[in-house]
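Written below as structure tokens is the structure these notes are about.
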Amino acid sequence: MIERRGRDGMLRLMRIAVVVIASTAALPAGSEVPRFAYVVNSYDNTLSGFIVDNRSGQLRHNGHVPVGKFPSSVVTHPSGKFVYVSQQTSMRVSGFAVDSMTGRLTPLPGSPYNPKISSPFWMATDPAGKYLYLAGRNSLNIGAMAINAQTGELTPVKGAPFPGGKMPRSVAVAPSGQFVYMTNIMDDNVSGYRIDPLTGTLTNLPGSPYAAGDAPQFIDIHPSGKFAFLTSWNTKSILTYAIDSVTGVLQRQNEFALGSKVFPFGIRLDSKGRHLYATDFFGGVMGFNVNIADGGLTAIVGSPFAAIGKLPATLVMEPSGQFAFSPNYDSHDITTYAVDSGTGALNALETTWSRPGPRAMAIVSGDKPVEFQPQSIYVTNADDNTLTAYRIDAENGSLKAVATRPTGINPTSVSVNTTGRYVYVTNAGSNTISAYQVDPTTGIPKEIPSSPIKTRNDPRSLALDYNDHYAYVANTAEHAMSIFVVDSTTGTLRELTQVDQPAIVFPRPAGVEPRSVLLHPASRFSYVVDATDSRVFVYRYYSAGPMADEISQDRIFFEVAKNPVALAADPRGKFLYLAHGSINALGVYSINIFNGEVKAVPGSPFPAGTSPTAVAVHPGGHYVYVANKGSNDITVYYADTAQSRFTRVGQVKSGAAPVAISVEGSGRFVYVTNEGSNTVSIYSIDSASGMLKEAGNIPTGAKPSALVVFTATR
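Counting with the numbering used here, you get residues 175 to 888 for the letters of the sequence shown.
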């Protein structure tokens, strides 16, 4: 994006750059750690979900939901039970209930809601979670909606909307819940209101509006309630105000000049009010120490801090103070920062791909972090034509067989959906998919009434998208990828045809020998490897709804190293890993987030064992494992994804002819099926090196061909 200066240039940017900061509302008692994060993506009208790893700050993809047109802000209810998204073009607010265990979202009754203002794009709740206040970009006023504490439903507050200034930009509620403030870009001021605690109605504060520099952007309130801070675009400064605790009146205190080349945009205080951060829209993140006596600012040593991504919208602080996050609108990713607890300095760790145009982020917290609990493993046995289910001991990773079920002929792959409710097996010999419903208590699968489900010739691999809406099947003899709609109630599959989408050819052509299919973690692309012609086919998706609503007619493939037979993805969505069977190597390819293109990184392919057949990635993203059928071992690699450096760590013996490998979600155990010895090998993972230590093995049926692990979240 070309840099623009002055008011006119700044206003032109308003249509394409909106910052969202997590609500300043107080957290419930004991809520000190992040659990889930939600990011609005303006380009494709979606809200992405993530699980936050409290140890590393890593964002784990957790599906996405469609919202209205041009979503621009997101806030979470102080209880953590609800999430709200404003939509500028649709002029509505979508509401979702948050599953406290998984973080998955369900639309609230009556959603989307009408806030009665034009172009709502910035929101904040009061600390008690009773009211939601919205700045309407084109409405000259502030919206107010009451929140039903039980259902999360929104209804307009009586008398709303209330008068504001020209081009309202942002709103912030004081920690006391008594006052709310809104910046007005065109009037160069801040409107202040008193909140009626019983009705949520607003009345103007004495002296409101208050002068606020030139083109004020975003405002945040100190946790003590004594000070307000805002960014002023054209004066290139941060303004400080003292807040009268009785009247709510703002009194101008200080102005911190930032420099002529800085474009201050988002602003955010940490939970203790010791540090303040502001984004430079075309640069990085600036950090300041806050004098809690007078609100004075001094630069943190090392500030400004690199944003890594392009056009950082804002900095979102999680309540424990360990990590901060910046959605980067122009590079379609989110930067994770480690926060120095003493100095407040930021250290950029890595970025995670989002969907197109991330510009807003909010966090749901709780009194304990999300726990990943391995529960079940499902193994297909090719010579027995069976599926065996095992329960996992979460303490030591050991397995106990609980059931064996018949499949079709020559089962070749097995997949489980994100809830663990359904399991699917591709049967290459009978051209079918066996579908099972799983008892959540015992882990025992039972074939659903519509199973087996007919598919194309020689199905070898099946992948489910993170939303559990679609299944993708690589059919080797058909030279194609077929796509199925998943019925979330029954688990049955229905193949998409041109009746569903007349402009699309079904099934999708996928080369001479499509062997394996994979979905990008952000659900933006699907990848199919062609083992004969050594290509990777990439299918691109542009949709505000679930996967495959709009499949690009452009079939793109990229040449890769010889004989790719299996693939896996970096959990952050930045790299693709391929097992190259005939050249005994691991191929590592960077992913272009804009078009899905894959390109070999320097040094790729890297040496593996003999005849690698499968590859798996640690959920943390820093270790990669390759099963080598010919040399009866596992190769371990360290992946420095931030620097695009990949190093072979070592080799570990397995059973005879390992053909499938999986890492369970907590990142503590690895499981390998050994075709030649009819066993599953169990390994524990050294957290420091990624190396594997054998922890036992368990018998399987004849010629185990594939396995999948289900890990629950708590």
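Using N, Cα and C, we set each Cβ at its ideal position, and we do this for glycine too. On a predicted model such as this, the values are computed, not experimentally measured, just so you know.
In DSSP terms, what residue i is bridged to
i, result
"Ser292", "Beta-bridge pairing links Ser292 to no other residue."
"Glu621", "Tyr610"
"Glu733", "Arg709"
"Ser697", "In the DSSP output, where bridge partners are listed per residue, Ser697 has none listed."
"Leu866", "Ile859"
"Gly829", "Its beta-bridge partners do not exist; DSSP assigns none."
"Arg819", "Asp814"
"Ala575", "Tyr564"
"Pro208", "Ser539"
Beta carbon of residue i nearer than 7 Å to that of residue j
i, j, result
"Tyr763", "Lys773", "yes"
"Val272", "Val257", "yes"
"Pro380", "Val331", "no"
"Phe951", "Phe437", "An answer regarding residue 951 cannot be provided, because it is not within the stretch 175 to 888 covered by the chain."
"Arg634", "Thr586", "yes"
"Thr409", "Gly387", "yes"
"Val702", "Pro683", "no"
"Thr453", "Thr488", "yes"
"Val810", "Gly864", "yes"
"Ser785", "Gly804", "yes"
"Val513", "Phe499", "no"
"Pro390", "Ser406", "yes"
"Gly665", "Tyr596", "yes"
Residues of its chain near residue i, where Cβ-Cβ distance is below 6 Å and the 5 sequence neighbours each way are ignored
i, result
"Asn236", "Gly223, Phe224, Ile225, Gly277"
"Glu545", "Arg888"
"Ile872", "Leu573, Val854"
"Ala637", "Tyr646, Val691, Leu692, Leu693"
"Ile730", "Val712"
"Gly483", "Asn502, Ser505, Asp507, Thr509, Thr525"
Residue from the options whose Cα sits closest to the Cα of residue i
i, options, result
"Glu669", "Arg842, Thr650, Ser855, Thr629", "Thr629"
"Pro623", "Asp661, Ser635, Thr472", "Asp661"
"Tyr307", "Ser285, Met341, Ala346, Gly326", "Ala346"
"Ala705", "Glu524, Lys736, Ile835, Ala677", "Lys736"
"Met297", "Pro283, Gly284, Asn315, Tyr640", "Asn315"
"Lys867", "Tyr845, Gly333, Leu667, Ala880", "Tyr845"
"Asp362", "Ser419, Ser382, Pro793", "Ser382"
"Asp939", "Val691, Thr615, Gly777", "There is simply no residue 939 to check, as the chain begins at 175 and stops at 888 in what is shown."
"Ser582", "Asn591, Val576, Asn601, Gly571", "Inspection of the sequence shows that residue 582 is occupied by Gly rather than by Ser. Comparing Cα-Cα distances from Gly582 to each of Asn591, Val576, Asn601, Gly571, the minimum goes to Asn601."
"Pro335", "Ile359, Ser350, Gly374, Asp300", "Gly374"
"Ser247", "Arg234, Val800, Val810, Gln261", "Gln261"
"Ser861", "Lys484, Tyr797, Asn219", "Tyr797"
"Val791", "Gly783, Val710, Ser505, Phe820", "Phe820"
"His506", "Ala696, Tyr287, Gly254", "Ala696"
"Gly326", "Met360, Asn358, Lys340, Val249", "Val249"
"Ile835", "Pro245, Met865, Val800, Gly804", "Val800"
"Tyr305", "Ala348, Asn312, Ser230", "Ala348"
"Gly310", "Ser406, Asn288, Ile412, Ala302", "Asn288"
"Thr299", "Phe353, Thr280, Ser285", "Phe353"
"Leu741", "Ala323, Val833, Pro337", "Val833"
"Asp227", "Pro208, Phe244, Asn605", "Pro208"
Collapsed DSSP secondary structure at residue i in the structure displayed
i, result
"Leu471", "strand"
"Trp527", "strand"
"Gly761", "strand"
"Gly440", "strand"
"Lys243", "coil"
"Phe680", "coil"
"Gly237", "strand"
"Asp454", "strand"
"Pro330", "strand"
"Lys542", "coil"
"Met460", "strand"
"Asp704", "strand"
"Val587", "According to the sequence displayed, residue 587 carries Ser and not Val. Strand at Ser587."
"Pro371", "coil"
"Met341", "coil"
"Tyr217", "coil"
"Ile872", "strand"
"Ala196", "Any reading at Ala196 needs caution, since the residue's pLDDT is 34, under 50, leaving its predicted position unreliable; the model's value is listed next. Here Ala196 sits in coil by DSSP."
Beta-carbon proximity list for residue i, same chain, < 8 Å, skipping 5 on both sides
i, result
"Lys877", "Asn555, Ala556, Asp557, Asp558, Glu849, Asn852"
"Ile618", "Ala563, Val576, Ala577, Val612"
Within-7 Å CB hit, residue i to chain B
i, result
"Phe462", "Note that chain B does not occur in the displayed structure, where there is just one protein chain."
Cutoff 7 Å; reference residue i; Cβ partners in own chain excluding five residues on either side
i, result
"Thr517", "Ile474, Val475"
"Ala416", "Lys400, Phe401, Gln425, Gln427, Gly469"
"Ser230", "Gly794"
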